Amino acid sequence: MADPMRIRAQALNGNVVVKVLMQHEMETGQRKDANGKTIPAWHITDVSASLNGTPVFSAQWGPAVSKNPFLQFTIKGGKAGDKVSVQWVDNLGNKRVDEATVV
Amino acid sequence: MNTRRDLIKQGALLAGLLAGVLPLQAGAAEALAKSAFDAKTLDELYKALGLGKPVESKEVQLSAPDIAENGAVVPVTIASGAANVVRMLVLVEKNPSVLTASFDVSPAVEAAFQTRVKMGQTSNLYAVAITADKKVLFAQKEVKVTLGGCGG
């Protein structure tokens, strides 16, 4: 199973700035291996986040997002101690959810 | 005190709220058909998304390096100050598929995102903001990709 995400959620001027580093190959499906066979696509397709259990953000990604993707977004409102949870789903149906506390 | 009855009432209220909100979001998600990620050109993409002609706008900000030494990791920051933005896109014109990432903007998040993208070659990078009334605003920037460390 995939490695955990590194999530940092920081309260700043009444908002919460969330930085996420995911561990994922993000294989595009364009590359070929040494034998000339195409390496199948394997990448994150959907990302979503919630604040204290309320969905606040979602994104759809193609294969052209970099390997081990970095994402930063800002949640309006929120304060230190709140819980931010982030989930991704890849095109093979793998999932990963991680949670962080706002500092 | 919270009785079971209250809980059920709240639950019903919440369900009602969600029912009001979700069709909108579902509609937006539907607009972003998976075929959008297959679009090879900008025109194809706008067609797949059912959007009108994009307009270059100062209300969309895009920041990326002028020269990316490693096309596999190009940091991109997009933001928009336009009213009622519902979605923001990152596009790379000369990639095999134009659409790289799409971010849903809800009232709970700011229309400002940062991520890293792959670029196959020197190309224009676009940040697109789509508003609730289907206006399409964009900002563009050329990013030079130097491959193979030849510094070219």
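Protein sequence lines correspond, in order, to chains A and B.
The first sequence begins at 94 in the numbering used here and counts up one residue at a time.
The second sequence begins at 5 in the numbering used here and counts up one residue at a time.
Every residue, glycine too, gets a C-beta built ideally from N, C-alpha and C.
Small disclaimer: the values here were computed from a predicted structure and weren't measured.
Item checked: CB contact below 9 angstroms: Lys172(A) versus chain B -> What you label residue 172(A) is simply residue 79 of the first sequence in a count that begins at 1. Chain B contact via Cβ: absent.
Next item on the list: Compute the Euclidean distance between the alpha carbons of Val132(B) and Trp135(A), then round it to the nearest angstrom.
Entry: By 1-based counting over the second sequence, the position of residue 132(B) is 128. By 1-based counting over the first sequence, the position of residue 135(A) is 42. Val132(B) and Trp135(A): Cα-Cα distance of roughly 26 angstroms.
Item checked: Closest by C-alpha distance to Gln116(A), when choosing among Ala193(A), Val195(A), Asp183(A), Thr194(A) -> As a working note, residue 116(A) is residue 23 in the first sequence. Among Ala193(A), Val195(A), Asp183(A), Thr194(A), the Cα nearest to that of Gln116(A) is on Asp183(A).
Item checked: Where the beta strand (DSSP E) through Leu53(B) begins and ends -> Translated into positions along the second sequence, residue 53(B) becomes position 49. Not the beta strand (DSSP E): Leu53(B) falls in the alpha helix (DSSP H), residues 46-53.
Notebook entry, point to check: What's the call for Thr138(A), buried or exposed, on a 16-neighbour Cβ count within 10 Å?
Noted result: Counting from 1 along the first sequence, the entry for residue 138(A) is found at position 45. The residue in question, Thr138(A), is buried, as its Cβ has 16 or more Cβ neighbours within 10 Å.
Notebook entry, point to check: By Cβ distance, which residues of its chain are closer than 6 angstroms to Pro27(B), with the 5 residues on each side in sequence left out?
Noted result: The residue labelled residue 27(B) in the question sits at position 23 within the second sequence. Bear in mind that the predicted position of Pro27(B) carries a pLDDT of just 42, short of 50, making it unreliable; the figure below should be weighed with that in mind. There are no such residues.
Notebook entry, point to check: Between the C-alpha atoms of Glu48(B) and Pro111(B), what's the straight-line distance to the nearest angstrom?
Noted result: Counted from its first residue, the second sequence places residue 48(B) at position 44. Counted from its first residue, the second sequence places residue 111(B) at position 107. Roughly 29 angstroms between the two C-alpha positions.
Notebook entry, point to check: With a CB to CB cut of under 6 angstroms and the five nearest residues on each side skipped, what residues in its chain are close to Val89(B)?
Noted result: Walking along the second sequence from the start, residue 89(B) turns up at place 85. If we look at Val89(B) and ignore the five residues flanking it on each side, its Cβ neighbours are Val109, Ala115, Ala133, Thr135.
Note to self: Do Leu46(B) and Leu129(B) count as a contact pair if the criterion is CB distance below 9 angstroms?
What the structure shows: Here the question's residue 129(B) lines up with position 125 in the second sequence. Here the question's residue 46(B) lines up with position 42 in the second sequence. No. Outside cutoff.
Note to self: So, at 8 angstroms on beta carbons, what are the nonlocal neighbours of Ala87(B) in its own chain, with the 5 sequence-adjacent residues on each side left out?
What the structure shows: Looking up residue 87(B) in the second sequence gives position 83. Once the five neighbours on either side are set aside, the close Cβ partners of Ala87(B) are Thr135.
Next item on the list: Within 10 angstroms of the Cβ of Glu34(B), are there 16 or more other Cβ atoms? Answer buried if so, exposed if not.
Entry: The residue labelled residue 34(B) in the question sits at position 30 within the second sequence. Note that Glu34(B) has pLDDT 46, beneath the 50 cutoff, so the model's placement of it is unreliable and the number below is only indicative. By the 10 Å Cβ count, Glu34(B) comes out exposed.
Item checked: Residues that Gly111(A) bridges to, as DSSP identifies them -> Translated into positions along the first sequence, residue 111(A) becomes position 18. The amino acid at residue 111(A) is misidentified as Gly; the sequence shows Val. DSSP output for Val111(A) lists Ala102(A), Phe166(A) as bridge partner(s).
Check: Given Leu103(B), which residues of its chain have a CB within under 7 angstroms of its CB, disregarding the five upstream and five downstream residues?
Finding: The residue labelled residue 103(B) in the question sits at position 99 within the second sequence. Same-chain partners within the cutoff: Ala40, Phe41, Ala43, Leu49, Leu93, Leu95.
Checklist line | Beta-carbon neighbours of Thr104(B), restricted to chain A and to distances below 7 angstroms | finding: Here residue 104(B) corresponds to residue number 100 of the second sequence, with the count starting at 1. Neighbours of Thr104(B) on chain A, chain order: Gly155, Ala157, Val158.
Item checked: Cβ pair Arg120(B), Val64(B) closer than 9 angstroms -> Numbered from its first residue, the second sequence carries residue 120(B) at position 116. Numbered from its first residue, the second sequence carries residue 64(B) at position 60. No, they are not a contact pair.
Margin query: What are the residues in the stretch 69-83 of chain B lying within 7 angstroms of chain A by C-beta distance?
Written below: Ala76, Val77
Margin query: Could you check whether the stretch 140-156 of chain A touches the stretch 178-193 of chain A, counting it as contact only if at least three pairs of C-beta atoms, one from each stretch, sit closer than 8 angstroms?
Written below: yes
Notebook entry, point to check: Would Ile71(B) be called buried (16 or more neighbouring beta carbons within 10 Å of its own) or exposed?
Noted result: Translated into positions along the second sequence, residue 71(B) becomes position 67. Label assigned to Ile71(B): exposed.
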